[in-house]
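Chemist: The opening position of the sequence shown corresponds to residue 13 in our numbering, with each subsequent residue numbered one higher.
Got a structure for you, questions after.
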Amino acid sequence: SSPFQASGYTTAIVQFASRFTFGSSPAMSRVIIVGGSAAGASTAARLRRLSEDVKITIFEKSGYVSFANCGLPYYLGGEIQLWSALTVAKPEMLRSRFNLNVHTGTEVVSIDRAAKVVTVRALASGEETSHEYDELVLTMGCDALMPPIPGIDRAGHFTLRSMEDTSAIEAWMATKHPNRVVVCGGGFIGLEFAEQMKVKGIPEVHVVELAPQVMAPLDHEMAQYLHEELRKHGITLHLGDGVSAFQEGAAGKGPTAIASDVVLKSGTTLQADLVVLSMGVRPSTKLAKDIGLELAPTGHVKVDETMRTSDEHIYAAGDAIEVRNRALGGDAMWAVALGGPANRQGRVCADHIAKTASPSVYKGTIGASVVKIFDLTAASVGVNERTLKQKGLPYKA
Numbered sequence: 013s014s015p016f017q018a019s020g021y022t023t024a025i026v027q028f029a030s031r032f033t034f035g036s037s038p039a040m041s042r043v044i045i046v047g048g049s050a051a052g053a054s055t056a057a058r059l060r061r062l063s064e065d066v067k068i069t070i071f072e073k074s075g076y077v078s079f080a081n082c083g084l085p086y087y088l089g090g091e092i093q094l095w096s097a098l099t100v101a102k103p104e105m106l107r108s109r110f111n112l113n114v115h116t117g118t119e120v121v122s123i124d125r126a127a128k129v130v131t132v133r134a135l136a137s138g139e140e141t142s143h144e145y146d147e148l149v150l151t152m153g154c155d156a157l158m159p160p161i162p163g164i165d166r167a168g169h170f171t172l173r174s175m176e177d178t179s180a181i182e183a184w185m186a187t188k189h190p191n192r193v194v195v196c197g198g199g200f201i202g203l204e205f206a207e208q209m210k211v212k213g214i215p216e217v218h219v220v221e222l223a224p225q226v227m228a229p230l231d232h233e234m235a236q237y238l239h240e241e242l243r244k245h246g247i248t249l250h251l252g253d254g255v256s257a258f259q260e261g262a263a264g265k266g267p268t269a270i271a272s273d274v275v276l277k278s279g280t281t282l283q284a285d286l287v288v289l290s291m292g293v294r295p296s297t298k299l300a301k302d303i304g305l306e307l308a309p310t311g312h313v314k315v316d317e318t319m320r321t322s323d324e325h326i327y328a329a330g331d332a333i334e335v336r337n338r339a340l341g342g343d344a345m346w347a348v349a350l351g352g353p354a355n356r357q358g359r360v361c362a363d364h365i366a367k368t369a370s371p372s373v374y375k376g377t378i379g380a381s382v383v384k385i386f387d388l389t390a391a392s393v394g395v396n397e398r399t400l401k402q403k404g405l406p407y408k409a
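Written as C-alpha cells, this is what we have:
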C-alpha cells in the first residue's frame, strides 16, 4: 500500500475504460454490484466497456465510491490538502459517463439466491426495496477488527477505513486539539497515521503492537529498520504488548486524558486524547455466509479463477475472498487486502459476466506491498521467514 495506490489504480481503470467505444455482448440485462470501492468500481467500468446494453447497479453502504483509502492518513496529516483529492470518481460522474446506477448510503440486507433478488435499505430513510439480478458481484471488502476490550467504544476512539471515519477524526481533532495520540496496531494504516500525526506536530505519539514487530509481512530483522526510523522521529513503540482496557481518564502526570487512559497488558498506562484502532481486519462476508456460499476456513469467500463463487450467478472480488498464493505455488491459498489485486479481480469478473471471447483469469496474488515511513521505504513480496518456518519449507535468509 502507498498513499496513492488505491487512487492511482482506480483512476487508471476509469480513464482506461473512458477511452473506448462501448461494445456489445450477449443479452444480459441486470448486473448488481455490492460495494463500490476498488473491486466494485473496476468491475463496473470494465463491464460497461464490454457492453453498452447491460444495466449495471452499484449499491454502496457508505456515502462514497472509488475513494483513495490509502490516502486517508495523509489527508489528516495535511500532505493531501483537498478533500476532493480523495474521491477518485464521484457517483454523478459514474452515472453520466458510464451510465451506471450508483446508490450510496444503501445497504444490501439480504439476498434470495433462488429468486435472484437483493433487498436493500436506504440508510437515511430506512426504506427497503427489492431488485432483481441476472449476475451478482460481491465486493464488500473488510471491516475493522474490534476485539472485545473493555472501553473500546469510548468517545475519541476511531477506526480509519472510510471517508466517514476520516471526517470524524478531523472533527475531533479540530475541537479537542489532541496532544497525545495512541495508535493501536502497527500495520500499514496504523504506521502511516502515526507518522502523519508527527508530521502534523502532535507532541506525543504512541504505537501499541501485540506482535514483537510492526509490519507483519516483513521479516523481523527488516522491521528493525522501521523501528529505528519511527523512534528517531519521536514515536514511542510498545511492542509485544497489547491493550487490556480503555478507561476514563484520571489525573496523572499531565492533563487528564480527553479520550482514554489506555491500559496495556504490561501494566503501562498511556494517556490519550485520541485513539486510532488499527488492529487488523476481518472479511465482510455476512451476506455470503447467510446465503450459504462456500467459505474458506479463514471466513473468506471461496472463488475459482473466474472469480465465480459456489453459486454460478454470483461472483466475488476484493479483500473478502481467498486466492491462490503464487509465492508458495501449488494449492496454497491466502487472503490479501490490497488495491492492485482487487482491481484486477474486478476486471476478471467483468470479462466472465460479459462472456468475452478470450476472458482473463485470476491466477493468484504474490502480495507485493510498499509503505513509506518518514525517510524510509519498506517493501515486501511473497511470504516472510516466519511463514516458511511454519510450513517447514526450505529457504535462504
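Think of the CB as a built atom: it goes at the ideal place given N, C-alpha and C, for glycine as much as any other residue.
Remember, predicted model here, so these are calculated numbers, not experimental data.
What residues in its chain sit with their C-beta under 7 Å from that of LEU157, if we drop five residues either side in the sequence?
Modeler: Taking the sequence shown and counting its residues from 1, the one referred to as residue 157 is at position 145. Cβ within range, chain order: MET291, GLY292, VAL293, ARG294.
Chemist: For HIS169 and THR321, I'd like the C-alpha separation in whole angstroms.
Modeler: The residue given as residue 169 occupies position 157 in the sequence shown. The residue given as residue 321 occupies position 309 in the sequence shown. Computed Cα separation, rounded: 36 Å.
Chemist: Would you kindly check if the distance between the Cβ of GLY394 and the Cβ of GLY8 is under 8 Å?
Modeler: Past the boundaries of the shown model lies residue 8; the chain is included only from 13 to 409, so the question cannot be answered.
Chemist: For the alpha helix (DSSP H) containing GLN208, name the first residue and the last one.
Modeler: In the sequence shown, counting from the first residue as 1, residue 208 sits at position 196. GLN208 -> alpha helix (DSSP H) spans 200–212.
Chemist: Where does ALA51 land, buried or exposed, given buried means 16+ other C-beta within 10 angstroms?
Modeler: As a working mapping, residue 51 is identified with position 39 in the sequence shown. When all chains shown are included, ALA51 counts as buried.
Chemist: Note down the Cα distance separating SER174 from ALA180, rounded to an integer number of angstroms.
Modeler: The sequence position of residue 174 within the sequence shown is 162, counting from 1. The sequence position of residue 180 within the sequence shown is 168, counting from 1. Going by the C-alpha atoms only, they are around 10 Å apart.
Chemist: Quick check: the Cα distance between GLN93 and TYR86, rounded to an integer number of angstroms?
Modeler: The sequence position of residue 93 within the sequence shown is 81, counting from 1. The sequence position of residue 86 within the sequence shown is 74, counting from 1. Going from the Cα of GLN93 to the Cα of TYR86 covers about 8 Å.
Chemist: Nearest to ASP155 by alpha carbon, out of THR171, THR99, SER96?
Modeler: Here residue 155 refers to the residue found at position 143 when the sequence shown is read from its first residue. With distances taken between Cα atoms, ASP155 lies closest to THR171.
Chemist: Tell me which same chain residues have a C-beta within less than 7 Å of the C-beta of TYR145, skipping the five on either side of it?
Modeler: On the sequence shown, position 133 is the one that residue 145 refers to. So the qualifying residues of the chain are ARG42, VAL43, ILE44, LYS128, VAL130.
Chemist: Quick one: what does DSSP say SER37 is sitting in, helix, strand or coil?
Modeler: Mapped onto the sequence shown, residue 37 falls at position 25. Residue confidence for SER37 is low, a pLDDT of 44 falling below 50, so the modelled location carries little weight and cannot support an answer.
Chemist: CB-CB under 7 Å to GLU119, same chain, minus the five flanking residues each way: which ones, in chain order?
Modeler: Start at 1 with the first residue of the sequence shown, and residue 119 comes out as number 107. Answer for GLU119: LYS73, VAL132, ARG133, LEU135, listed in chain order.
Chemist: By Cβ distance, which residues of its chain are closer than 7 Å to ILE303, with the 5 residues on each side in sequence left out?
Modeler: In the sequence shown, the residue the question calls residue 303 occupies position 291. The answer, listed in chain order, is ILE123, ARG125.
Chemist: Does the beta-carbon of GLU139 have 16 or more other beta-carbons within 10 angstroms, so that it is buried, or is it exposed?
Modeler: One-based indexing of the sequence shown puts residue 139 at position 127. Counting Cβ neighbours within 10 Å, GLU139 comes out exposed, since fewer than 16 surround it.
Chemist: Taking the alpha-carbon of SER372 as reference, which of THR399, ALA339, ALA344, GLU317 has the nearest alpha-carbon?
Modeler: What you label residue 372 is simply residue 360 of the sequence shown in a count that begins at 1. Of the candidates THR399, ALA339, ALA344, GLU317, the one whose C-alpha sits nearest the C-alpha of SER372 is GLU317.
Chemist: For the alpha helix (DSSP H) containing PRO353, list its first residue and its last residue.
Modeler: For the purposes of this step, residue 353 is taken as residue 341 along the sequence shown, with counting starting at 1. Start and end: 351–365.
Chemist: Who are the Cβ neighbours of ILE333 in its own chain at under 6 Å, not counting the five residues just before and after it?
Modeler: Residue mapping note: residue 333 aligns to position 321 of the sequence shown, counting from 1. Taken in chain order, the residues that qualify are HIS312, VAL313, VAL315.
Chemist: Just to check my reading of the structure: GLY213 and LEU289 have Cβ atoms closer than 8 Å, yes? What is that Cβ distance to the nearest angstrom?
Modeler: Translated into positions along the sequence shown, residue 213 becomes position 201. Translated into positions along the sequence shown, residue 289 becomes position 277. In fact, because the Cβ distance is near 23 Å, the residues do not count as touching under 8 Å.
Chemist: Return helix, strand or coil for ALA328, following the three-state DSSP convention.
Modeler: Here residue 328 refers to the residue found at position 316 when the sequence shown is read from its first residue. Note: ALA328 maps to strand in three-state DSSP.
Chemist: Per DSSP, what kind of secondary structure is LYS314 in: helix, strand or coil?
Modeler: Position 302 of the sequence shown holds residue 314. In this structure, LYS314 counts as strand in the three-state DSSP scheme.
Chemist: Grouping DSSP H, G and I as helix and E and B as strand, with all else coil, what is HIS143?
Modeler: Along the sequence shown, read from residue 1 onward, the residue named residue 143 stands at position 131. Of the three classes helix, strand and coil, the one that applies to HIS143 here is strand, per DSSP.
Chemist: Measure the beta-carbon distance from ARG61 to ASN111 and round it to whole angstroms, keeping in mind my assumption that it falls under 8 Å.
Modeler: In the sequence shown, counting from the first residue as 1, residue 61 sits at position 49. In the sequence shown, counting from the first residue as 1, residue 111 sits at position 99. Contact flag wrong, Cβ pair sits at about 12 Å.
Chemist: Report yes or no: do the region 242–259 and the region 272–283 share at least 3 C-beta pairs separated by less than 8 Å?
Modeler: Three or more beta-carbon pairs separated by less than 8 Å link the region 242–259 to the region 272–283, which places the two stretches in contact.
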